[in-house]
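Down below is the structure, laid out as structure tokens.
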Amino acid sequence: MDDDREDEDTKRDIAPYVPRRPVMAVIGNGLSLDAATEAVCIELGRRAVEAGFRLVTGGLGGVMAAVSRGGREAATWRDGDIVGLLPGYEASAANPHVDIVIPTGMQIGRNILVVAAADVVVVVGGGAGTLSEIAVAWQ
């Protein structure tokens, strides 16, 4: 009888299983965007979150800010859906749409973390930094 009661107590203490949500990294130009590219990035972020993805970016401007903004505008957005892995130590450098700010202090090395955290990587323009992320994702 005591064994049955212990099993019931154990069952109550276990949190319900919540499946892991997929993560999409969006990488690209960190500088200012033309209006058309910005609109595409906002729509990409919104649709990704509405499809059940969490977003991870480098957390700064350009593509990263536009995608993060779109994610926050999604009807299904929840706090924690937008993660920014910053290159420096200053959390205040993050764009205002990031929910979880992680200052890595790794500079360009943070690119490895961005793509390693993702189940899928989407590229929107960019330069040498983006190319390094593509190379890591390809492996």
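Per the UniProt record's numbering: the sequence shown ends with 139, consecutive numbering throughout.
Each residue gets a CB set at the ideal place from its N, CA and C atoms; glycine is no exception.
Going by beta carbons, GLY71 and VAL49 fall inside the 8 Å limit.
Shown here for ALA137: same chain residues with a beta carbon closer than 6 Å to its own, the five before and five after excluded, namely VAL115 and VAL121 in chain order. Going by DSSP, ALA25 is part of the beta strand (DSSP E) stretching over 23 to 28. For ARG54, the beta-bridge partners assigned by DSSP are VAL23. A residue is called buried once 16 or more other Cβ atoms fall within 10 Å of its Cβ, and GLY30 is buried on that count.
In the structure shown, the three-state DSSP call for VAL63 is helix. Taking every protein chain shown into account, the CB of GLY28 has 16 or more other CB atoms within 10 angstroms, so this residue is buried. The beta carbon of VAL23 sits closer than 7 Å to those of PHE53, ARG54, VAL56, ALA117, ALA118 and ASP119, all from its chain and outside the five residues before and after it, given in chain order. Between the alpha carbons of GLY109 and LEU131 lies a gap of roughly 13 Å. Under a 10 Å Cβ-count criterion, GLY80 is classified as exposed, with fewer than 16 other Cβ atoms of the shown protein chains found around its own Cβ. In chain order, GLY84, LEU85, LEU86, ALA94, ASN95, VAL98 and VAL101 place their CB closer than 7 Å to the CB of GLY59, counting only its own chain and leaving out the 5 sequence neighbours on each side. Per DSSP, GLY129 is one residue of the alpha helix (DSSP H) stretching across 128 to 138.
Around the CB of GLU90, fewer than 16 other CB atoms lie within 10 Å, so the residue is classed as exposed.
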